Amino acid sequence: MIAEGKERRVEPTRTTEADEAAEVRRFWGGLGLPGLVDVHTHFMPERVLHKVWSYFDALGSLPGDLAWRITYRAEEAERTALLREFGVRAFTAMLYPHKPGMARWLNGWAVDFARRTPDCLHTATLYPEPGVEGYVRAAVEAGARVFKAHVQVGDYDPADELLDPAWGLLAEAGIPVVIHCGSGPMPGKHTGPEPVARVLARHPRLRLIVAHLGMPEYEEFLDLAERHDEVRLDTTMVLTDFTESFLPFPRRALPRLDALGDRILLGTDFPNIPYPYLHQLQVLERLDLGPAWLRAVCHHNAARLFDLP
3 MIAEGKERRV
13 EPTRTTEADE
23 AAEVRRFWGG
33 LGLPGLVDVH
43 THFMPERVLH
53 KVWSYFDALG
63 SLPGDLAWRI
73 TYRAEEAERT
83 ALLREFGVRA
93 FTAMLYPHKP
103 GMARWLNGWA
113 VDFARRTPDC
123 LHTATLYPEP
133 GVEGYVRAAV
143 EAGARVFKAH
153 VQVGDYDPAD
163 ELLDPAWGLL
173 AEAGIPVVIH
183 CGSGPMPGKH
193 TGPEPVARVL
203 ARHPRLRLIV
213 AHLGMPEYEE
223 FLDLAERHDE
233 VRLDTTMVLT
243 DFTESFLPFP
253 RRALPRLDAL
263 GDRILLGTDF
273 PNIPYPYLHQ
283 LQVLERLDLG
293 PAWLRAVCHH
303 NAARLFDLP
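Going by the numbering used here, the sequence shown opens with residue 3, and the numbers climb by one from there.
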């Protein structure tokens, strides 16, 4: 929901896919990069993804609601082909359960997706339930390179004791976890920095990538990153005209974003975004933090974290 009286900013108009791909490639080519690494893209079983799209489709149906139109509504093969056209050399399959018993099934699907999609970083997920350590270990042994945790959708406390063995296993293995733990776009019972701080107190070596820069608790999650060397943040949807209209990033925090430039990673939420992919890149550029910062964020930091060739 957007507060009454809040100005809605007009989102950029999308050009053809070919034109947009050319602009995206021009962006990273101008920085002297070999391409992009996007740590926050969504691939999941089609019927699950369609349910996610239905949720977003329902937004904007009431006065004052936030309209969220999916820009890249296409079949799986078309979506992977488009990322390649953009020059995204590595991406993820951010998938997440909303109830017990679902994570193991999603992880099974992800094994097959990773096998048929070599430029996807094999992604897995977890949920606080009996047996979580076992299926997390199985996913790691199957080659998972990144995990996704969604505190708001899953409606669980990340510091739940059931997850402790899994966090310990992932910390020991050095496998990053992209975690949606901020209270945006809607708060949950367990969102916010405090539960994550409790997890890190027990597992300080855990490589957490805080999604959406921790939106809207941006500064509190920057605090966590400044205190924990293995905490990173991704840019997903942050600073775009869409998000700035209701959860703006505080400009006073830009120097801190600059100082943490070696731990900020490009994320976009593709395909579930209500504007062109190019726009996420343009808003990072207009921060004027310099080409070295952009090169690190859009490629080098993730390439180093995932040991990409």
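Heads up, the beta-carbon is just placed ideally off N, CA and C, and yes, glycines get one too. These figures come from a predicted structure and were not determined experimentally.
Going by the beta-carbon positions, is the gap between residue i and residue j smaller than 7 Å?
i: Phe251; j: Tyr277; result: no
i: Lys150; j: Tyr98; result: yes
i: Pro130; j: Asp166; result: no
i: Ala144; j: Val113; result: yes
i: Leu215; j: Val240; result: yes
i: Phe115; j: Ala23; result: no
i: Leu38; j: Cys300; result: yes
i: Met217; j: Gly194; result: no
i: Pro120; j: Asp159; result: no
i: Ala45; j: Ala83; result: First, the residue type needs correcting, since residue 45 is Phe and not Ala in the sequence shown. Not in contact: Phe45 and Ala83 (Cβ atoms no closer than 7 Å).
i: His124; j: His152; result: no
i: Leu262; j: Ala227; result: yes
i: Ile72; j: Asn303; result: no
i: Leu310; j: Phe29; result: no
Round the Cβ separation of residue i and residue j to the nearest angstrom and send it over; I've been treating them as touching at under 8 Å.
i: His42; j: Asp236; result: 5 Å
i: Asp40; j: Phe223; result: Contact flag wrong, Cβ pair sits at about 20 Å.
i: Val134; j: Leu164; result: 6 Å
i: Tyr74; j: Arg106; result: About 28 Å; that fails the 8 Å criterion.
i: Arg147; j: Ala173; result: Not a contact, Cβ separation roughly 15 Å.
i: His281; j: Thr242; result: 6 Å
i: Gln154; j: Met188; result: 7 Å
Straight-line CA distance for residue i to residue j?
i: Met3; j: Leu68; result: With a pLDDT of 30 at Met3, under the threshold of 50, the modelled position of that residue is not reliable, and no figure is offered here.
i: Trp295; j: Arg258; result: 12 Å
i: Ala305; j: Lys101; result: 33 Å
i: Asp312; j: Asp21; result: Nothing in the structure corresponds to residue 312, since the chain is present only between 3 and 311.
i: Phe36; j: Ala92; result: Checking the displayed sequence, the identity of residue 36 turns out to be Pro instead of Phe. Cα to Cα, Pro36 sits roughly 11 Å from Ala92.
i: Arg139; j: Thr18; result: 43 Å
i: Val298; j: Trp55; result: Correcting the residue identity first, residue 298 is Ala in this sequence and not Val. Distance between the alpha carbons of Ala298 and Trp55: 32 Å.
i: Leu268; j: His205; result: 25 Å
i: Glu48; j: Leu108; result: 11 Å
i: Glu25; j: Gly170; result: 42 Å
i: Leu256; j: Phe58; result: 30 Å
i: Leu307; j: Leu210; result: 12 Å
i: Pro293; j: Leu33; result: 7 Å
i: Arg288; j: Val90; result: 21 Å
i: Leu286; j: Asp231; result: 23 Å
i: Gly190; j: Arg117; result: 34 Å
i: Leu141; j: Ser247; result: The identity of residue 141 in the sequence shown is Ala, whereas the question assumes Leu. Taking the straight line from one Cα to the other gives about 39 Å.
i: Ala60; j: Trp70; result: 8 Å
i: Gly62; j: Arg86; result: 31 Å
i: Asp157; j: Arg254; result: 31 Å
i: Tyr279; j: Arg27; result: 12 Å
i: Thr270; j: Pro132; result: 32 Å
i: Leu51; j: Ala203; result: 34 Å
i: Arg81; j: Leu249; result: 28 Å
Which of the three DSSP states, helix, strand or coil, is assigned to residue i?
i: Leu38; result: strand
i: Phe149; result: strand
i: Thr18; result: coil
i: Arg91; result: strand
i: Leu256; result: helix
i: Leu289; result: coil
i: Lys8; result: Since pLDDT at Lys8 reaches only 38, below the 50 mark, its modelled position is unreliable, and no value is offered.
i: His182; result: strand
i: Leu310; result: coil
i: Val267; result: Sequence check: residue 267 is Leu here, not Val. Looking at Leu267 - three-state DSSP - the assignment turns out to be strand.
i: Thr43; result: coil
i: Tyr57; result: helix
i: Asn274; result: coil
i: Thr73; result: coil
i: Gly176; result: coil
i: Tyr98; result: coil
4 or more residues per run - each alpha helix (DSSP H) lying fully within the segment 193-246: Counting only runs of at least 4 residues, the segment 193-246 fully encloses the following alpha helix (DSSP H) elements, listed from N- to C-terminal order: 195-204, 220-229, 243-246.
Segments assigned beta strand (DSSP E), at least 3 residues, entirely inside the segment 100-171: You should have 125-127, 148-152.
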